[in-house]
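Data first, discussion second: the structure below is written as structure tokens.
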Amino acid sequence: MQSLIDARSQGTLNAELVAVGADRPAAGLARAEAAGIPWFVHRLARGADRAEWDRGLTARVAAYTPDLVISAGFMKLVGAAFLDEFEGRFINTHPALLPRFPGAHAVRDALAAGVSVTGCTIFAVDAGVDTGPIIAQAPVPVQPGDTEATLHERIKQTERRLLVDVVNRWKDAHD
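Just so you know, we're using our numbering here: the sequence shown kicks off at 2 and counts up by one.
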């Protein structure tokens, strides 16, 4: 999200940021507020009805009438209501070159596999876990001595640039 805020302030983002949402308090919310972007938290309480949570999240996001919904660091799977409402307009970032290393531990899994190159992917979200159509990817070399933290930071740097590029290309294609 910060990369989009930065690109907007630098005049290199072709899109408007209409809102930032989270499922729990997060640093990104303060960043959104500081940038004058509306924000909200839509929690999933322990033992709550997932379908009801999904319908509520769908309504909250839809209230901002976004052209494109971006999931970056939102670690909850959405349900049918959300996917139906934003079909073809919901993208996610992932710290690996999908389809390799799906799931929440992609960087750790890439290191454990001993790959020499990993990267990041931006894809259209579907009902699977990291299975939607790939929109863009960028490689990131694994360096000798990399830890999960150092590799993940380099992946995030590449991912930030790629996300701005994808949003700009999407906006240009849909204007």
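For glycine and all other residues, C-beta sits at the position ideal for the given N, C-alpha and C. If you're wondering where the values come from, they're calculated on a predicted model, not measured in any experiment.
Beta-carbon gap between residue i and residue j smaller than 8 Å
i           : j           : result
residue 14  : residue 168 : yes
residue 149 : residue 108 : yes
residue 163 : residue 5   : no
residue 51  : residue 74  : no
residue 147 : residue 112 : yes
residue 61  : residue 41  : yes
residue 86  : residue 63  : yes
Where the beta strand (DSSP E) through residue i begins and ends
i           : result
residue 169 : It is not in any beta strand (DSSP E) - residue 169 instead sits in the alpha helix (DSSP H) that spans 149-175.
residue 130 : Taken as a continuous stretch (DSSP letters only), residue 130 belongs to no beta strand (DSSP E), as it is neither H nor E.
residue 135 : 135-142
residue 23  : 21-23
Cβ-heavy atom distance, residue i to the ligand GDP, below 7 Å
i           : result
residue 162 : In terms of ligand content, the structure shown is empty, and the ligand GDP therefore cannot be addressed.
8 Å Cβ cutoff, residue i in contact with chain B
i           : result
residue 128 : Although the question refers to chain B, the structure presented lacks it and comprises just one protein chain.
Terminal residues of the alpha helix (DSSP H) in which residue i lies
i          : result
residue 29 : 28-35
residue 7  : 3-11
Whole-Å CB distance - residue i paired with residue j, under 8 Å assumed
i           : j          : result
residue 29  : residue 2  : 5 Å
residue 110 : residue 83 : With 8 Å as the limit, residue 110 and residue 83 do not qualify as a contact, their Cβ atoms being about 26 Å apart.
residue 76  : residue 49 : Their Cβ separation, rounded to whole angstroms, is 16 Å, which puts residue 76 and residue 49 out of contact at 8 Å.
Taking one C-beta from the segment 18-35 and one from the segment 85-103 each time, how about it: are there three or more such pairs within less than 8 Å?
Result no; under three Cβ-Cβ pairs closer than 8 Å.
Could you give the uninterrupted runs of the beta strand (DSSP E) lying entirely in the segment 54-130, keeping only those of 3 residues or more?
With a minimum length of 3 residues, the unbroken runs of beta strand (DSSP E) contained wholly in the segment 54-130 fall at 70-72, 91-95, 118-125.
With contact counted as at least three CB pairs below 8 Å, one residue from each stretch, are the segment 64-72 and the segment 95-114 in contact?
When C-beta atoms of the segment 64-72 are compared with those of the segment 95-114, fewer than three pairs fall below 8 Å, so the two segments do not count as touching.
At least three beta-carbon pairs within less than 8 Å, the segment 127-135 to the segment 33-49
The segment 127-135 vs the segment 33-49: no contact.
Kindly confirm or deny that the segment 137-154 and the segment 117-126 touch, where touching means at least three C-beta pairs closer than 8 Å.
The segment 137-154 vs the segment 117-126: in contact.
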